[in-house]
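Engineer: The structure under discussion is supplied below as structure tokens; questions concerning it will follow.
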Amino acid sequence: MILTNFQKRLYTSIVLLSLIFLIFKFNVILVYFLIILGIFSILEFIDATKRLSINLFQLYLVNLIFVLYIFIFCLNFFLLSNLAGLKIILFILLLACVASDIGGFIFGKTFKGPKLTKISPNKTYSGALGSIILSIITVLFLTYNFVQIIDFKIVIVAIMTSIFCQIGDLLFSFLKRKAKLQDTGKILPGHGGILDRLDGILLGVPLGFITFILIY
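Sequential numbering of the sequence shown, starting at -9, is according to our numbering.
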């Protein structure tokens, strides 16, 4: 069962990485991809919040804030992706988030150790460190290959991207815990829903980009 789930996760990851390459190359694919991601993210979020013990006003407010955030995120990602230099930065940050997720999974499963928080029992300090390490390696490698630059500032960007990526992951883990959900959906075999993959990216990319702007 564990092996089957790992295979599904691996195949889905390969498909998703292939999609990232395609949306980097073709803006028309990026547009449709953002629309699809936005719609499914909103639907999954609304489904999760319906299970929370909150009043109607709070429910509408939380959903409205999330819808606005997704709209702003997708719109800005598309607009900035039309600028050659910024497009490279955005996709480096996106892959840093992917690396953060992978690093956390590999280090957490390999080294285990103390739990990071009760919000998500699977999160460990070793996994958190692994997330940062693999993000740094990924950002340094991609930055050097794209723009032939390596400096300490880019390491800070990688660290901040990973940290906020992990915070985003924990926020949605808290939401799922309160909603008594294991995953936000089942559309991605081995991964769960769209939000299960986007949770870290929704904070990691924007805050990583803001960090980049502030220190460069």
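Ideal placement from N, C-alpha and C gives every residue a C-beta, glycine not left out.
Report the rounded CA-to-CA distance for Val5 versus Leu178, giving the unit in angstroms.
Structural biologist: Along the sequence shown, one-based indexing puts residue 5 at 15. Along the sequence shown, one-based indexing puts residue 178 at 188. If you take the alpha carbons of Val5 and Leu178, they lie about 10 Å apart.
Engineer: Kindly say whether Thr201, judged by its beta-carbon, lies nearer than 8 Å to any beta-carbon of chain E.
Structural biologist: The displayed structure is made up of one protein chain only, and chain E is not part of it.
Engineer: Nearest by alpha-carbon distance to Phe142: which of Phe136, Ile126, Leu70, Ser121 is it?
Structural biologist: Within the sequence shown, residue 142 is the residue found at index 152, counting from 1. When only C-alpha atoms are compared, the closest one is Ile126.
Engineer: CB-CB under 6 Å to Tyr1, same chain, minus the five flanking residues each way: which ones, in chain order?
Structural biologist: Here residue 1 is taken as the residue at index 11 of the sequence shown, counted from 1. Spatial neighbours of Tyr1 in its own chain (CB-CB distance under 6 Å, excluding positions within 5 residues in sequence) are not present.
Engineer: In whole angstroms, give me the CA-to-CA distance for Thr133 and Phe101.
Structural biologist: Position 143 of the sequence shown holds residue 133. Position 111 of the sequence shown holds residue 101. The straight-line gap from Cα to Cα measures roughly 29 Å.
Engineer: Under 7 Å Cβ to Cβ from Ser163, same chain only, skipping five residues before and after it: list those, please.
Structural biologist: Locating residue 163 in the sequence shown gives position 173, counting from the first residue. So the list reads Ile109, Ser110, once near-sequence residues are dropped.
Engineer: Are at least three pairs of beta-carbons, each pair with one atom in the region 80 to 94 and one in the region 180 to 194, less than 8 Å apart?
Structural biologist: yes
Engineer: Between which two residues does the alpha helix (DSSP H) carrying Tyr206 extend?
Structural biologist: If you number the sequence shown from 1, residue 206 lands on position 216. Where Tyr206 is concerned, there is no enclosing alpha helix (DSSP H), given that its DSSP letter is neither H nor E.
Engineer: Note down the Cα distance separating Leu171 from Ala38, rounded to an integer number of angstroms.
Structural biologist: In the sequence shown, the residue the question calls residue 171 occupies position 181. In the sequence shown, the residue the question calls residue 38 occupies position 48. Each residue's alpha carbon lies about 8 Å from the other.
Engineer: Quick one: what does DSSP say Thr151 is sitting in, helix, strand or coil?
Structural biologist: Against the sequence shown, residue 151 aligns to sequence position 161. Helix.
Engineer: Helix, strand or coil, according to DSSP, for Leu178 in the structure here?
Structural biologist: Position 188 of the sequence shown holds residue 178. It is a strand residue.
Engineer: In whole angstroms, what is the alpha-carbon distance linking Met(-9) and Asp186?
Structural biologist: Here residue -9 corresponds to residue number 1 of the sequence shown, with the count starting at 1. Here residue 186 corresponds to residue number 196 of the sequence shown, with the count starting at 1. Only weak support is given to the placement of Met(-9): the predicted model assigns it a pLDDT of 47, under 50, and the value that follows is read from those uncertain coordinates. If I take the Cα positions, the gap works out to 20 Å.
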